Amino acid sequence: MRGEGVGVGVSTPIKVDIWSDVQCPWCYIGKRKFEAGAAQFGGEIEVEYHSFELAPDTPVDFDGTPADFLSTRKGISLDQVAMMFERVTSIAASVGLDYDYDHVHQTNTIKAHELLHFAKSKGRQLEMKERLLEAYFIKGEHVGRIDDLADIAASIGFDRAEVVAVLEAGTHLQDVKADVAKAGEYGIQGVPFFVFDGKYGVSGAQEADAFANVLTQVQTERDAN
Amino acid sequence: MDAATTPLLIIGSPDAASCDGDVCEIPERHTQAVVNRALDSDLV
C-alpha cells in the first residue's frame, strides 16, 4: 500500500479515498481492518485521507470527559456511556488497539485536519493519520490545540515551528472545507467512509474480508476493460 | 452535486459500525459477533 504520491510500475494503483475523523473510534478500528483487507488483496493501492468533522461545534478546550460529552449529546446516563466505551474498547482490542478512554481529551478536530493536509503536502499523510489516532485514543494527547499538535508532529520529525506557523495561519483550512464539501456531494453522513476508484462507496468499519473483496472486484473490472 | 462527482455504488455490509454526527453506534449484531468470537476463543 502506498500513500499519496505518484504511481510507479506497470499498472495504476487502485485509488482509495477515505473520509475519517480523528476522534472517531470506528475510523481507527476501520483503518486496521482496511489495512488487513489490503494486505489480503495484495495489489497496488493508493490511499488518501479526507477530512470529516463529526462534531464541529465542540470547543477546543471542552470542559469535560468524552463520557460527559456523549451523555449530554445523547441524553443517556454516564453508566450507559461507560458500557458503550467498554464495548468499543473491547472491539478495538480485537484489532490490536489499546483504547484508553480514561485519558481521552474531547476536543475540536479542525486543526488536526489542517495538520493532516499539511502532512499530505509533505507526502506523509498516512504517517500523520496514524500518529493522530494513536495520540487521541491510546496516548491521551490533546489533538485540538496548536501547541500540542505541533509537539505530536515534531515527535515524528516535522519542523515544529513550521507546523505552528501553518496551523496559526489556517493555511489548509480551505482544504479541510473542500473535503467536507466533497463528502456532502457524495452523500456521506457517517465515517469511516471508503471510496474505491471514485465508483464504489463502502461505509463503516467493515471486516477485512469485505475490503479485500471490494479491492478484488475493482481490480477484476479493470482487468476486464 | 458537483458535476465532476459521480454517484457512488454503495456496497459492503450495511451493518458495519460507523460514527454518524457525534454519535458512534455499535450495531447489536457487531457486538454479538465479538462476543461469539470471544466464546469461540474460550476467553469468556
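Protein chains in written order, with numbering that gives the first Met the number 0: chain A, 0 to 224; chain B, 0 to 43. Note that the Cβ used here is the ideal one computed from N, Cα and C, for glycine as well. Predicted, not measured: the structure shown is a model, and the values here were computed from it.
Quiz item: How many Å lie between residue 178/A and residue 218/A at the Cα?
Solution: 26 Å
Practice problem: Tell me whether the beta-carbon of residue 145/A lies closer than 9 Å to the beta-carbon of residue 166/A. | Solution: yes
Exercise. Can you tell me which of 68/A, 208/A, 141/A, 203/A puts its alpha carbon nearest to the alpha carbon of residue 190/A?
Key: 203/A
Quiz item: Does any CB atom of chain B fall closer than 9 Å to the CB of residue 90/A?
Solution: yes
Self-check item: Expected contact under 8 Å - CB spacing of residue 70/A and residue 43/A to nearest Å
Solution: Going by Cβ atoms, the distance from residue 70/A to residue 43/A rounds to 45 Å, so no, they are not a contact pair.
Quiz item: Cα separation between residue 87/A and residue 26/A?
Solution: 12 Å
Self-check item: residue 201/A: first and last residue of the uninterrupted beta strand (DSSP E) it sits in
Solution: 199-202
Quiz prompt | Best match in 73/A, 32/A, 102/A for proximity to residue 228/A [C-alpha to C-alpha] | solution = As displayed, chain A neither begins before 0 nor continues past 224, which places residue 228/A out of reach and without an answer.
Quiz item: Should residue 19/B be flagged as near chain A, meaning a C-beta pair shorter than 9 Å?
Solution: yes
Quiz item: Within the chosen definition, does the segment 101-121 of chain A reach the segment 136-145 of chain A through at least 3 CB pairs nearer than 8 Å?
Solution: yes
Exercise. Assign residue 76/A to buried or exposed, taking buried as 16 or more other Cβ atoms, counted over all protein chains shown, within 10 Å of its Cβ.
Key: exposed
Self-check item: Inside the segment 125-174 of chain A only - alpha helix (DSSP H) runs reaching at least 4 residues
Solution: 145-154, 159-168
Quiz item: Relative to the C-alpha of residue 31/A, which residue among 83/A, 200/A, 90/A is closest?
Solution: 90/A
Quiz prompt | CA-to-CA distance, residue 187/A to residue 220/A, given in whole angstroms | solution = 24 Å
Quiz item: Considering only residues of the same chain and omitting the five flanking positions on each side of residue 200/A, which have a CB-CB separation below 6 Å?
Solution: 194
Practice problem: Scan the segment 188-214 of chain A for residues whose Cβ lies nearer than 7 Å to a Cβ of chain B and list them as they occur along the chain. | Solution: 188, 189, 190, 191, 194, 197, 198, 199, 200, 201, 202, 203, 204, 205, 209, 213
Practice problem: Could you give the DSSP three-state label for residue 30/B: helix, strand or coil? | Solution: With a pLDDT of 47 at residue 30/B, under the threshold of 50, the modelled position of that residue is not reliable, and the figure given next carries that caveat. In the structure shown, residue 30/B sits in a helix (DSSP, three-state: H, G or I).
Exercise. Assign residue 8/B to buried or exposed, taking buried as 16 or more other Cβ atoms, counted over all protein chains shown, within 10 Å of its Cβ.
Key: exposed
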